[in-house]
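Heads up: take any position in the sequence shown, counting from 1, add 87, and you land on the numbering used here.
Using N, Cα and C, we set each Cβ at its ideal position, and we do this for glycine too.
If you're wondering where the values come from, they're calculated on a predicted model, not measured in any experiment.
Data block below; observations after.
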Amino acid sequence: SSVKVFAPATVANVVCGFDVLGFAVNEPGDEVIMRVTDKPGIVISKITGDDGRLPLDPTKNTVSVSVQHYLDSIGRGDIGLDIELHKKMPIGSGLGSSSASTVAGLFAIKTLMGDTTDPATLLPFAMKGEEMACGHGHADNVAPALMGGFVLIRSYEPLDVVRLPHPKDLWCAIVFPDVDVPTREARQIIRNKIAMKDAVTQWGNIAGLVSGLFMQDIDLIGRSMQDVLVEPVRSMLIPDFYKMREIAMSSGAVSFGISGSGPSVFAFTKDEETARSITQKLQAHLTGIKIGSNAYVSTI
Ligand code: HSE
Numbered sequence: 088s089s090v091k092v093f094a095p096a097t098v099a100n101v102v103c104g105f106d107v108l109g110f111a112v113n114e115p116g117d118e119v120i121m122r123v124t125d126k127p128g129i130v131i132s133k134i135t136g137d138d139g140r141l142p143l144d145p146t147k148n149t150v151s152v153s154v155q156h157y158l159d160s161i162g163r164g165d166i167g168l169d170i171e172l173h174k175k176m177p178i179g180s181g182l183g184s185s186s187a188s189t190v191a192g193l194f195a196i197k198t199l200m201g202d203t204t205d206p207a208t209l210l211p212f213a214m215k216g217e218e219m220a221c222g223h224g225h226a227d228n229v230a231p232a233l234m235g236g237f238v239l240i241r242s243y244e245p246l247d248v249v250r251l252p253h254p255k256d257l258w259c260a261i262v263f264p265d266v267d268v269p270t271r272e273a274r275q276i277i278r279n280k281i282a283m284k285d286a287v288t289q290w291g292n293i294a295g296l297v298s299g300l301f302m303q304d305i306d307l308i309g310r311s312m313q314d315v316l317v318e319p320v321r322s323m324l325i326p327d328f329y330k331m332r333e334i335a336m337s338s339g340a341v342s343f344g345i346s347g348s349g350p351s352v353f354a355f356t357k358d359e360e361t362a363r364s365i366t367q368k369l370q371a372h373l374t375g376i377k378i379g380s381n382a383y384v385s386t387i
């Protein structure tokens, strides 16, 4: 038997919640087709949409590695599997590209194994995939890719993941400027020590954002989305970041920031039309400075 699974892109951090907040979008995302074979071991028979950048070696690919961890945990480590990975989103974009692949793979094997437990039980395996992809097993992409919607990682040890509500008329505009920002490197440049004053600002904003999600108060969400810890450093890796913010905010965005570790940026809006017009203006600006881009508009 064979299954085909789609897992969505995700926006991690949501500006002020470094490593603890993330949400899933409707598109883009990745697709995995998986089938059980007679010959023990995992074979990655095909990868499309990656420009040859991802390894077919099952010991090096995050999809097969996390699937193998899952199989070992249920005592089926010697099963035969054929995996096709169809990347339908850019790699290294800050949109949780590796997470989308890993989560699609884990959901596929869970389905093939007839495992009916809560998908959240796959999280530790998905985090192993993240560890391999970028040197750190954060969950703010994999958790929303698995569970959908807005997710809070309240604690890593022990793992405590909470689904949050969100206003239904919240739209997200995403633009991916086509420059390379590997997550591994974007994590290395972040400061390790922070000032108490900055910590106070940051936790006020995180509490404000979460309150806004519960209260369906998009303006509170917007004014809480400020990051004094990570964005000041990472924005340097993104072409014209502050100019793009000015364009988005003066075009009706309620907030603007880096998606995950970048280079993608995103804006929240109150309607689809504003989200579309923001993506067009940002893309036009990037074209003007000779940088290609992709754009997506989604509800959450
Ligand atoms: N929270 C992670 C980071 C997400 O910002 O490094 C990576 O996409």
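Counting C-beta pairs closer than 8 angstroms gives three or more between the region 101-108 and the region 280-297, which meets the contact rule.
The three-state reading of DSSP puts F93 in strand, counting E and B together. F301 sits exposed, since fewer than 16 C-beta atoms from the chains shown fall within 10 Å of its C-beta. With a 10 Å radius around the Cβ and a threshold of 16 neighbouring Cβ atoms, M283 comes out exposed.
The Cβ atoms of A220 and T149 lie closer than 8 angstroms to each other. Under the 8 angstroms Cβ criterion, the region 121-140 counts as touching the region 170-182, having at least three qualifying pairs. In the structure shown, the three-state DSSP call for S364 is helix.
Within the same chain, Cβ atoms closer than 6 angstroms to the Cβ of V249 are found at L239 and R241, the five residues on either side in sequence being excluded. Contact check for A213 against T198 fails: the beta carbons are separated by 8 angstroms or more. In the DSSP assignment, P264 is bridged to S380. For H156, the uninterrupted alpha helix (DSSP H) segment begins and ends at T149 to S160. Cβ-Cβ distances below 6 angstroms link S180 to F263 and S351 in the same chain, with the five nearest sequence neighbours on each side left out; the list follows chain order.
Nearest C-alpha to D202 among S160, G235 and S184: S160. Under the three-state reduction of DSSP, E114 is assigned to strand. Take D227, set aside five residues on each side of it, and the residues of its chain with a beta-carbon closer than 7 angstroms to its own are A99, N100, D106, V107, L108, G109 and I240, in chain order. The C-beta of H223 has fewer than 16 other C-beta atoms within 10 Å across all chains shown, which makes the residue exposed. The DSSP assignment places 184-199 and 210-221 as complete runs of the alpha helix (DSSP H) inside the region 178-228, in order along the chain (cut-off: 4 residues). At least 8 angstroms separates the beta-carbon of S184 from that of E217. Following the DSSP letters along the chain, one finds R310 inside the alpha helix (DSSP H) bounded by residues I305 to S311. Nearest to P326 by C-alpha distance, out of M336, V266 and R271, is V266. The three-state secondary structure of D137, taken from DSSP, is coil. In the three-state DSSP reduction, E333 falls in the helix class (H, G or I).
When DSSP states are grouped into helix, strand and coil, D285 belongs to the helix group. In this structure, the C-beta of F110 stays at least 7 angstroms away from each heavy atom of the ligand HSE. Spanning the alpha carbons of K126 and S151 requires a straight line of approximately 15 angstroms.
In the structure shown, the three-state DSSP call for M121 is strand.
For the options I345, S348, F328 and A354, the alpha carbon positioned closest to that of S338 is the one of A354. Sorting G309, S298, P115 and L369 by C-alpha distance to the C-alpha of Y329 places L369 at the top.
In this chain, the alpha helix (DSSP H) harbouring T270 covers T270 to Q275. With a cutoff of 8 angstroms on beta-carbon distance, G347 and L182 are scored as near each other. For G164 and L209, the gap between their C-alpha atoms comes out near 16 angstroms.
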